[in-house]
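Numbering (the numbering used here), first residue to last: 1332 to 1392.
Read the structure below first, then the notes.
See below:
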């Protein structure tokens, strides 16, 4: 089976990066957010939309 060297490099880099944080997704996200804030570009943070109740339809017999 043919292996794409670019994909293999990306997978290796991803594995090394995740390994730095013990594969802890919370720690990885914190690191990404910290790096994102240092770029000088605006960072958008959206608030969660409130959940609307769903109206139930009556059963048809």
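Glycine included, each C-beta is placed from N, C-alpha and C at the ideal position.
Taking only three categories from DSSP, how would you classify residue i?
| i | result |
| --- | --- |
| residue 1312 | Given that the chain is displayed from residue 1332 to residue 1392, the structure contains no residue 1312 and the question cannot be resolved. |
| residue 1372 | coil |
| residue 1335 | coil |
| residue 1350 | helix |
| residue 1356 | helix |
| residue 1365 | helix |
Beta-carbon separation of residue i and residue j under 8 angstroms?
| i | j | result |
| --- | --- | --- |
| residue 1368 | residue 1375 | no |
| residue 1352 | residue 1359 | yes |
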